[in-house]
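Take the sequence shown: its letter number 108 is residue 679 in our numbering, and every next letter is one higher. Built from N, CA and C at the ideal position, the CB exists for glycine as well. Heads up, the thing below is written out as structure tokens.
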Amino acid sequence: MEASSSRELEARSYLEKHRIMELLSYLTSNLLFLQPDKPREYLLSLLERLKIARITGVTFPFFMDHSNIVAMFQMMDPSNKGTISFVQYKKALNTLGLCTADEVLQDDGHAITLDKFKQEVDKRTEAIWSAF
């Protein structure tokens, strides 16, 4: 029993150290967003671009540009208040694979603006890709 528990902890530690779950979540979100006709080939291409980006230092292959982020924000703000709630913000980050359901985000009590949303999506996206 202890051996399997130890092995499970070792596996979990490995996954966390290398941020594998974040990568898989992000890749899955990417697939669902784009829905390519050949998903395996698309994933291989995306990972190859990531590898090239790391080697050459060029920009990482983000799958969402700012127009996509703006569109997502506007869907959450149908009355055009210019803000979304913290709950919507966290759900959007989770949907994009940029945060886990159990991640603790600090709610400062302020509504989330489009600029803050874009900055957070960019920051978290780059953090995920830069880990690989």
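By DSSP's assignment, I623 forms no beta bridge with any residue.
Of D636, N651, I655, the smallest CA-CA separation from K694 is found for D636. Distance between L618 and Y597, taken at the CA atoms: about 12 Å. Around the beta-carbon of D648, 16 or more other beta-carbon atoms lie within 10 Å, marking it buried. Per DSSP, H637 is one residue of the alpha helix (DSSP H) stretching across 637-647. Taking a cut-off of 8 Å for Cβ pairs, the region 579-587 and the region 600-611 do not touch, as fewer than three such pairs fall below it. Contact between I683 and I655 is confirmed by a C-beta separation of about 5 Å, below the 8 Å threshold. In the DSSP assignment, S600 falls within the unbroken alpha helix (DSSP H) covering 591-605. The shortest CA-to-CA distance from A663 to any of D608, A624, S576, Q645 is the one to Q645. The closest CA to that of L595, considering only V675, T666, L685, E691, is found on T666. If you draw a straight line from the Cα of A582 to the Cα of G653, it is about 43 Å long. Beta-bridge partners of T666 (DSSP): none assigned.
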